[in-house]
Amino acid sequence: GKVLVTGANGYVAAWVVKALLEQGFAVRGTVRSDSKANHLRSLFKSYGDKLEFAIVNDIVKEGAFDEAVKGVDAIAHTASPFHTHAEDPSELIVPAVQGTVGILSSALKHGSSVQRIVVTSSCGSILEELPVPKTFTEADWNERALREVETKGAAASAADKYCASKALAERAAWKYWNDHKGEVGWDLVVVNPSYVYGPILHEVDKPEHLNESMRMFYDAAVAGTYDKDMLNWGSSWIDVRDLGLAHALAVKTPEAGGERIIVSQSVFKLQDFVNVAHRLYPQLPAGDTDFNPATAVYFQAYDTSKVRKLFGIKLHTIEEMVKDSLEDFKARGWIQ
Ligand code: NDP
Numbered sequence: 007g008k009v010l011v012t013g014a015n016g017y018v019a020a021w022v023v024k025a026l027l028e029q030g031f032a033v034r035g036t037v038r039s040d041s042k043a044n045h046l047r048s049l050f051k052s053y054g055d056k057l058e059f060a061i062v063n064d065i066v067k068e069g070a071f072d073e074a075v076k077g078v079d080a081i082a083h084t085a086s087p088f089h090t091h092a093e094d095p096s097e098l099i100v101p102a103v104q105g106t107v108g109i110l111s112s113a114l115k116h117g118s119s120v121q122r123i124v125v126t127s128s129c130g131s132i133l134e135e136l137p138v139p140k141t142f143t144e145a146d147w148n149e150r151a152l153r154e155v156e157t158k159g160a161a162a163s164a165a166d167k168y169c170a171s172k173a174l175a176e177r178a179a180w181k182y183w184n185d186h187k188g189e190v191g192w193d194l195v196v197v198n199p200s201y202v203y204g205p206i207l208h209e210v211d212k213p214e215h216l217n218e219s220m221r222m223f224y225d226a227a228v229a230g231t232y233d234k235d236m237l238n239w240g241s242s243w244i245d246v247r248d249l250g251l252a253h254a255l256a257v258k259t260p261e262a263g264g265e266r267i268i269v270s271q272s273v274f275k276l277q278d279f280v281n282v283a284h285r286l287y288p289q290l291p292a293g294d295t296d297f298n299p300a301t302a303v304y305f306q307a308y309d310t311s312k313v314r315k316l317f318g319i320k321l322h323t324i325e326e327m328v329k330d331s332l333e334d335f336k337a338r339g340w341i342q
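Listed below in structure tokens is the structure:
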């Protein structure tokens, strides 16, 4: 079968494309302009015409995906903005929500061959910033971020703006599915990753241009620009390679239909990454040398029984993720 992957040149999407190709699927990736496909074209040259591209320059435009959905068997919708420089929450919410509703409605009108749609949501639509630790499940929703953005608007935190965009997009996806399930030949799977880290496949010319999560990793472990507070910030994380595979399995596992699936490895503090990095590369910063993982409080954990039962993936460890990320940085000349 052929799978449409939106925002194919993104950090997560490049690994989704790779996993799908490795699982035997053909892939049509959407990118904003043809030149943004060149890197993936050369990376996956050996797959020949099993990889093709469609241009969708703005996912917000009405009917943006009308052409791209034609003839595909499944869709993985990953395109959505993830950054911290939005002034007004609508800068994130509009593309997140309209991109999601847009692809579902293009699939309704023009995707008669589509059997499954996988939407990349986020644990941001699940977790709440609470003063006490909690293990979240697929039953939880980030009502707090939604309230914050509704009451504070542009004054809400960057994290709340992003989380609200993901929660609203995911809600819109489930609503669209419920409203139209009688008219379509596809079902819906939502994948909710925690913070994503690990080596880079997509095109990045310099560290400043890394995607949001890997820029944080770089700033903490390599550049050493974070203070103690920031190094003691954390949540839960997943290796990008496991997340790529989880998307491919979400496309092909029948029992995943209708499920919201948390994909996460374990809790972390940025200093946990720094500790591994510094041990492997003593020239890298030591960070907060007072940090003690035994007494640190890890606030946002997840119940991952569903993903383990459905997909049974052996997840990369923190040691493997940090080592492979740093090897990637070294090969790029970003670590001396
Ligand atoms: P990237 O920034 O690397 O990728 C985002 C992709 O979306 C890019 O291809 C980008 O295109 C595209 N995109 C964004 N806005 C638009 C738009 N208006 N029109 C067309 N394309 C657009 O981010 P990630 O790979 O990290 O994120 C991918 C998905 O994973 C997102 O849905 C994100 O919310 C989710 N996620 C990520 C996590 C993480 O820690 N990284 C954690 C949990 C979820 P371009 O590059 O051309 O701008």
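UniProt numbering puts the last residue of the sequence shown at 342; the count rises by one with no breaks. Heads up, the beta-carbon is just placed ideally off N, CA and C, and yes, glycines get one too.
Drop a sphere of 10 angstroms on the beta-carbon of residue i, count the other beta-carbons inside from all chains shown, and report buried for 16 or more, exposed for fewer.
i	result
V138	exposed
H215	exposed
V303	exposed
E154	buried
P288	exposed
H253	buried
P95	buried
Q306	buried
S52	exposed
Q342	exposed
R338	exposed
S41	exposed
G30	exposed
G159	exposed
T12	buried
T126	buried
N298	exposed
N148	buried
A170	buried
Is the distance from the Cβ of residue i to the Cβ of residue j below 7 Å?
i	j	result
A92	I65	no
K172	S112	no
L10	A74	yes
S128	N198	yes
Y203	L98	no
A82	V124	yes
A178	V107	yes
G213	S331	Checking the sequence shown, residue 213 turns out to be Pro, not Gly. No, the Cβ-Cβ distance between P213 and S331 is not below 7 Å.
W183	L194	yes
F279	V210	no
E134	I268	no
D225	I319	no
N217	Y17	yes
T141	D309	yes
V190	E176	no
residue 4	P291	The first residue shown for the chain is 7 and the last is 342, placing residue 4 beyond what the model contains.
V100	K8	no
Do residue i and the ligand NDP come close, with the Cβ less than 6 Å from some heavy atom?
i	result
R221	no
T126	yes
Y17	yes
F88	yes
D64	yes
P205	no
P213	no
R122	no
V195	no
A179	no
V202	yes
A85	yes
R47	no
P101	yes
R338	no
R38	yes
T217	Before going further, note that residue 217 is Asn rather than Thr in the sequence given. Yes, since a heavy atom of the ligand NDP falls inside the 6 Å radius drawn around the Cβ of N217.
G13	yes
P199	yes
Which residue or residues does DSSP assign as beta-bridge partners of residue i?
i	result
D55	Answer is none; D55 lacks a bridge partner.
F274	S241
K140	Q306
I81	L10 and I123
I267	V197
V62	Note: V62 sits in no beta bridge, so no partner.
A32	K8
V282	V282 is not bridged to any residue.
Y203	D245
V37	I61
Cβ contact check for the region 265 to 273 and the region 239 to 249: 3 or more pairs under 8 Å: yes
Three or more C-beta pairs below 8 Å linking the region 25 to 37 and the region 55 to 69: Yes: at least three Cβ pairs fall under 8 Å.
contact_flag[the region 158 to 169, the region 226 to 239] where n(CB pairs < 8 Å) is 3 or more: no
Inter-stretch contact at 8 Å, needing at least 3 Cβ pairs: the region 278 to 286 / the region 257 to 270: Segments in contact, no.
At least three beta-carbon pairs within less than 8 Å, the region 113 to 122 to the region 21 to 34: The region 21 to 34 and the region 113 to 122 do not touch, with fewer than three beta-carbon pairs separated by less than 8 Å.
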